[in-house]
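K.L.:
Handing you a structure now.
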Amino acid sequence: MSSNYTIPPRPQKRALVTGAAGFLGSNLVDRLLAEGHEVIGLDNYYTGRKANIAHLANNPHFEMVRHDIRETYLAEVDEIYHLACPASPPFYQNNAIATTKICFLGTLNVLGMAKRTGAKLLVASTSEVYGDPEQHPQTESYVGAVNPIGPRACYDEGKRVAETLCFDYKRQHDTTIKVVRIFNTYGPRMNADDGRVVSNFIVQALQNQDITIYGDGEQTRSFCYVDDMINGFRAFMDADDSVMGPINMGNPGEFTVKELAEKVIAMTGSSSKLTFKELPADDPKQRRPDITRAKELLDWQPTIKLDQGLVKTIEFFKGVLAQQAA
Ligand code: UDP
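For the sequence shown, the working numbering begins at 550 and goes up steadily by one.
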């Protein structure tokens, strides 16, 4: 029997985002929906928060699933963005074995899905694969200096083996992989309590509390605003399948932690004072991405300067603190 029913045209693309309730995940979901894609989000809410995706509850193009990516999951999608993993040192060290399992099993499971469905897979790796680097700035060909038994190893080595799995799936199964090494990123929807330097300093400054500097504050980081990072993810995913990375993404502007503290105090008009605490073990002394590869292969580079990004992030945390006070 013939039917008059016509299958409606498919939306632009179907994407799966693991860690969709997290800082980067929720910002990426917003971008994908704005571009007209259908999106499935996964999160186990270990560090992700429902508040980050609450505004999407009635969006017919978005579906949120509570799922821990250490368990297998299968969906027919065109693109997978694998971001699920606690990324803040206090959080990933809180249950270190779980962190290693998320890095290994989580990546194995999304690779299995990509192999089976033919989806393209972008995997969030990290500048932590370089450890406490002896090469500065860090290029992708630098193999790193990681302590395999230190407190950061669950994350650093976890992400290193995640990269290994990606490239072995490429070699053995020709899976389309895209490995991005994310350097420190900040912006709205960071968790106020997750212990990262930008969120800590802004929240402390807005409350006129002491700014906690670990060590002497002379260690450096490079801070990338979230919108720039999401642009990078999209450019990478849309690039030719032969562009597989690893590709560094971050803002090459380099600041000492003390400079960041002084900037935040000035921008918030805070009366906070600096207080110096013990430097955590294996805390990298300097970090700055060499983004030549991203520029050449993706025509991508950050456009938002630290001062501009901090203005938006300070506004976000003012809102968070006002809500907490209400
Ligand atoms: N840091 C600090 N005070 C804080 C939080 C962090 O001085 O309240 C330092 C931390 O020791 C590190 C840098 O800031 O040198 C960046 O820390 P974060 O946890 O944000 O990221 P990561 O160490 O992973 O780059």
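Heads up, the beta-carbon is just placed ideally off N, CA and C, and yes, glycines get one too.
Remember, it's a predicted structure, so these values are computed and weren't measured experimentally.
1. Looking only at its chain, what residues have a beta carbon closer than 7 angstroms to the beta carbon of residue 700, apart from the 5 residues adjacent to it on each side?
2. Out of curiosity, what's the CA-to-CA distance linking residue 800 and residue 557?
3. If we count the other Cβ atoms within 10 Å of its Cβ and call it buried at 16 or more, is residue 636 buried or exposed?
4. Can you name, in chain order, every residue of its own chain whose Cβ lies under 7 angstroms from the Cβ of residue 820, other than the five neighbours on each side?
5. Taking C-alpha atoms, which residue in 649, 626, 662 and 740 lies nearest to residue 705?
6. On a Cα-Cα basis, can you pick out the residue from 816, 825, 647 and 610 that is closest to residue 755?
7. Taking only the alpha-carbon atoms, compute the straight-line gap between residue 563 and residue 594 and give it to the nearest angstrom.
8. To the nearest angstrom, how far is it from the Cα of residue 862 to the Cα of residue 767?
9. Any idea which residues DSSP pairs residue 734 with across the strands?
10. Throw me the rounded Cβ distance for the residue 567 and residue 631 pair, which I believe falls under 8 angstroms.
11. Taking only heavy atoms of the ligand UDP into account, decide whether any of them is closer than 8 angstroms to the Cβ of residue 687.
12. For residue 780, count neighbouring Cβ atoms within 10 angstroms of its own Cβ and tell me buried if that reaches 16, exposed if not.
13. For residue 761, which of helix, strand or coil comes out of DSSP?
14. Taking DSSP as the reference, what is the three-state secondary structure of residue 823?
15. Would the beta-carbon of residue 714 fall within 9 angstroms of that of residue 640?
16. So, at 6 angstroms on beta carbons, what are the nonlocal neighbours of residue 737 in its own chain, with the 5 sequence-adjacent residues on each side left out?
17. Within 8 angstroms: the Cβ of residue 758 and any heavy atom of the ligand UDP?
18. Tell me the start and end of each unbroken beta strand (DSSP E) in the segment 635-694 that is at least 3 residues and wholly inside, in chain order.
19. Using CA atoms only, rank isn't needed, just tell me which of 629, 624 and 570 is closest to residue 603.
20. Determine the closest residue to residue 711 out of 607, 851, 678 and 683, with distance taken between C-alpha atoms.
21. Per DSSP, which one or two residues make a beta bridge with residue 592?
22. For residue 788, which residues of its own chain have a beta-carbon under 7 angstroms away from its beta-carbon, when the five flanking residues on both sides are left out?
23. Just to be sure I understand the criterion: a residue counts if its Cβ is closer than 7 angstroms to at least one heavy atom of the ligand UDP. Which residues meet that?
24. If you measure between the beta carbons of residue 660 and residue 764, is that distance less than 9 angstroms?
25. Starting from residue 713, trace the alpha helix (DSSP H) both ways and give me its first and last residue.
P.N.:
The relevant details are as follows:
1. 642, 830 and 831
2. 42 angstroms
3. buried
4. 757
5. 649
6. 816
7. 22 angstroms
8. 23 angstroms
9. 773
10. 5 angstroms
11. no
12. buried
13. strand
14. strand
15. no
16. 865
17. no
18. 669-675
19. 570
20. 678
21. 615
22. 846 and 847
23. 637, 638, 677, 733, 744, 745, 746, 747, 749, 750, 761, 762, 763, 764, 766, 768, 770, 806, 828, 829, 832, 833 and 836
24. no
25. 702-722
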